[in-house]
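Working notes, structure below.
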Amino acid sequence: MADVSLRKVVKRYDDVEAVRGIDLDIADHEFIVLVGPSGCGKSTTLRMIAGLEDISDGDIMIGGDVVNDVPPKDRDIAMVFQNYALYPHMTVAENMSFGLRLKHYPKAEIKSRVTEAARLLDITDLIDRKPKQLSGGQRQRVAMGRAIVRNPKVFLFDEPLSNLDAKLRVQMRIEIKKVHQKVRTTTVYVTHDQVEAMTLADRVVVMNKGRIEQIGTPNELYHKPATRFVAGFIGSPAMNFVPCRLEDVGGKLNIRLTDRISFPLPPERAAHYNALPRNDQLQLGIRPEHIAESHAHLDPGVETFDTMLDVTEPMGMETLVYFNLNGTPVCGRVNPNAGAKDGAPMRLAMDLNNMHLLNEATGLVL
Amino acid sequence: MSTLAIDKAGPRRKVKYGSMSRDRAWALRWSYFFLALFAIFFLTPPLYMVITSLKSSAEISAATNPWWVFHPTLSNYLELLTSNQFLRFFWNSSIVSLVVVILTMLISVPAAFALARMRFWGSPTLATGVFLTYLIPDSLLFIPLFKMFALIQDLTGITLLNRWYVLLFVYPTLTVPFCTWIMIGYFASIPKELDEAAIIDGASWLQTLTRIFIPVALPGLIAATIFAFTVSWAQFLYPLVFTTSIDQLVLPVGITTTLIKGDVFNWGQIMTGALLGAAPPLIIYAFLMDYYIAGLTAGATKG
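Shown next as C-alpha cells:
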C-alpha cells in the first residue's frame, strides 16, 4: 500500500502534448477515478503511472520514491486492462499466479493467495478453466484476481468495464467497490463513464485536453463544479446552459433569460453575485432536475415561467421535457403525471437556489 | 383500431429469381466440378509414380498398358531401402532439414518478436527488408554464395564446399526471411495488452517471448516450421551446386545423379525414390495440417 504523487507530469508525442503538466496527490487506500472524454490524457496518465509510457517531464512518486526510470515490474503495481489481457493458453489459476511464479514465490503461498483471491471474487469453480471458456464478466473477475494475488502497492484499472454490457457493468461496478472495501489498496481507475466515476470514487479527477479540470469528491463535482466543462460532463442529462444577463430591478438583483423572462435571485445567490458587472456575457447553469412542473406551494427562490414544450421523453419514474429559451434548447425533469405533452404549453418552475453562473468567455463558474 | 385486410392466399412471392438454396446448390455443383478437376490434375502424376514403382524394368520398357501393373513387384523398394547409397541420401536430407529447421526457428522467432514488438529505430524498414531478401531468387544467389565459400576456404582453410553441412549455412538464406515474415504477422496479431500485462506481472522480454508469445502463436510457429522443413527437404539447386561427392548428396540431387546414368533412366527406382522422398513431408503435413492452415490465415479474421 502506498500513496501516489504526480508532479508537473507531461507526456509529449512528437509535437503533441497529450498530458500537459498535471499535479495529483493520491492518498494511501484512496480510490481515485480519472474521468474525461476520449483523448483527454487519462489513459496516458495511467500508463505513465504503470511505467508503460515514458514521462516527458515531471515526476511520478509511488510510496515517496520517484519511479520515473523504474521499470513496470519493479514499481509493485497491478493493472487491469479493458480487454482483460488474460493469457489465453493458461488456466484461470495459472493466469492469476503468473506474476508470483515469475518471482519464485513458494508453491504453498501461491496456492493460498490464488485460493483466497478466487474466493473473494467468487470464481473458485472456474479456477481450472481457460479464458475462452469464460464469459466477459468472469474474465473481468479473473483479471482482477490476477491483480489482487500480487498484493501490490497500487491497483490500476484502464476502463475495465467498457467491454461489458450495461447490466453487467452495473453489477461489476458494485463488485469492484466491494473488493476495494476489503483489500483497501490504493486504486487509480480510468473511465470515460461519469456514472462509473461518481459511484466508485473517493475522489474524481476530471480531465480535459491533457489538463486536470477539477479534483473533488463526487458530490463536490456535482454541486460545485469549477468550470463549464465539469458542470456539463458530470450529471445526466447534462446541465443546461442558458445565456443570461444580471440586472438591477427595484434595488434587487435579477437574472434576465429572455425578453419576457427575468427572475429575482434568492438573497443568498444575490449576495454572492452582487459584485459582478451587470452587462457581462454570462450563462446560467441549471440542472434538469431543478426545472420541474409548477405547483401551488413553491419554496422561496423557485420561480415559474410558461413555455411551449418541443419534445417529451417519458422515462417511467420521470418525464424529460425539452423546450427553448431564447433559441437555446433546455431540458427539465417533471413528474410523469404532470401532463407534459409534445408541442403543448406548460408552466414550469426553476429552482434558482441551485443555479450556477458562468462566465461565457472563460468558462469558469462564478 | 383499424382492421387489416388479410389476403387469404397469403402474400405473393416472386420465385422467378430463385432462392438461396438454389444458388447454393449451383455453387456447390461448380465447386465439386473444379475440385474434381484439380484432384485429377494433381493426383495423376503420383498415381503414375506408384504404378511405375511397382513394375520391373522389363515391364516398364514393354509396350503394355502403362496404367496397369501386370506383374507387381516390390523389388524397386527393396533395392533402394537396402542400398547404403540411398539411405545415405535419406540420412543427409534428414539431418540437414532438421538442423536447418532448428536454426531457422532459433533465428526467426526472436527476430520476429523484436521486429513486431520491441519498437526501435528503423524496425519497420528492417521488417520490410527481411521480406525483400526472400524475393531474391536462389538462381541469382548461388554463384555469389559459391564464391563466398570458396573465398572462405582460401582465406581460412576451412573447407565447406562439397560438404553436406555447407547446406546448413545456405538453406537459412531461404527459410529465415519467410519464417520471420510469417512470425511477424502472427506476433503482430497478438493484442498489445498481453505483453503489457506480462511486463507488469514482472516478465522480462525473453520471458514474455517464451512464456506468452510462443505458446499463443503456436499455430504460426508450426506453419513456419513446416515451411522451413519443406523448403530444406525439397531444395534442389543449392545442393546440386554446393555438393558433388556421392556421400555428401541429399535426396533430390542423389536420386537424379545416381539413378540417371547418361541417357539411361532407371525409371522404376527414380519413381520409388521420389515417392519415398515425398513421404516425410506428407506425414508431417497430415499431422499438422490444421495448425498449418490456422497459421497461414492468421489475422485474416478477428479471432
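Residue numbers (my numbering), protein chains in the order written: chain A, 1 to 366; chain B, 1001 to 1303.
Where a beta carbon is used, it is the ideal one built from N, C-alpha and C, also for glycine.
Beta carbon of residue i, beta carbon of residue j: below 7 angstroms?
i       : j       : result
A:P218  : A:V365  : no
A:K153  : A:D28   : no
B:F1187 : B:A1286 : no
B:T1243 : B:L1249 : yes
A:A143  : A:Y105  : no
A:A201  : A:V10   : no
B:T1272 : B:N1076 : yes
A:F81   : B:E1193 : yes
B:T1208 : B:A1224 : no
A:K42   : A:G36   : yes
B:L1126 : B:P1172 : no
A:V242  : A:L257  : yes
B:V1101 : B:A1228 : yes
B:L1282 : B:Q1269 : no
Counting only beta-carbon atoms, is residue i nearer than 7 angstroms to chain B?
i      : result
A:A85  : yes
A:F157 : no
A:K73  : yes
A:K107 : no
A:P88  : yes
A:F81  : yes
A:K103 : yes
A:G145 : no
A:L52  : yes
A:G285 : no
A:G332 : no
A:F305 : no
A:F323 : no
A:G136 : no
A:V183 : no
Using DSSP with H/G/I as helix, E/B as strand and the rest coil, what is residue i?
i       : result
B:V1250 : coil
A:F305  : strand
A:T312  : strand
B:I1200 : helix
B:S1031 : helix
B:K1055 : coil
A:Q214  : strand
A:H356  : strand
A:F155  : strand
A:N219  : helix
A:R150  : coil
A:R139  : helix
A:P345  : strand
A:D25   : strand
B:F1265 : strand
B:I1095 : helix
Determine, using beta carbons only, whether residue i comes closer than 7 angstroms to chain A.
i       : result
B:L1194 : yes
B:I1212 : yes
B:G999  : Nothing in the structure corresponds to residue 999 of chain B, since chain B is present only between 1001 and 1303.
B:A1224 : no
B:V1216 : yes
B:I1199 : yes
Can you say whether residue i is buried or exposed, counting buried as having 16 or more other CB atoms within 10 angstroms of its CB?
i       : result
A:D158  : buried
B:S1245 : exposed
A:T45   : buried
A:E268  : exposed
B:F998  : Only positions 1001 to 1303 of chain B appear in this structure, which leaves residue 998 of chain B out of reach.
A:I55   : buried
A:A147  : buried
A:M315  : exposed
A:A117  : buried
B:V1264 : exposed
A:H295  : exposed
A:D23   : exposed
A:D122  : exposed
A:S135  : exposed
Is residue i near the ligand PLP - that is, is its Cβ less than 6 angstroms away from at least one heavy atom of it?
i     : result
A:Y87 : In the structure shown, the ligand PLP is absent, as is every other ligand, since no ligand is present at all.
Checklist entry - Below 8 angstroms, can you find three or more Cβ-Cβ pairs linking the region 159-169 of chain A to the region 119-134 of chain A? => result Counting Cβ pairs under 8 angstroms, fewer than three are found: no touch.
Checklist entry - Is the region 250-268 of chain A touching the region 300-309 of chain A in the sense that three or more CB pairs, one from each, lie closer than 8 angstroms? => result Yes, they touch.
Checklist entry - Any contact of the region 1094-1110 of chain B with the region 1161-1180 of chain B, i.e. 3+ C-beta pairs under 8 angstroms? => result Yes, since at least three Cβ pairs between the region 1094-1110 of chain B and the region 1161-1180 of chain B fall closer than 8 angstroms, the two stretches touch.
Item to check | Inter-stretch contact (C-beta, 8 angstroms, three-pair minimum) for the region 195-211 of chain A and the region 319-335 of chain A | outcome: No, they do not touch.
Next on the checklist: Taking 8 angstroms as the cut-off, does the region 336-354 of chain A touch the region 313-327 of chain A (at least 3 CB pairs, one atom from each stretch)?
Outcome noted: Using a C-beta cut-off of 8 angstroms, the region 313-327 of chain A makes contact with the region 336-354 of chain A, since at least three inter-stretch Cβ pairs fall below that distance.
Next on the checklist: Taking 8 angstroms as the cut-off, does the region 280-289 of chain A touch the region 234-251 of chain A (at least 3 CB pairs, one atom from each stretch)?
Outcome noted: Result yes; three or more Cβ-Cβ pairs closer than 8 angstroms.
Checklist entry - On the three-pair Cβ rule with 8 angstroms, is the region 1155-1168 of chain B touching the region 1209-1216 of chain B? => result Contact fails: fewer than three Cβ-Cβ distances are below 8 angstroms.
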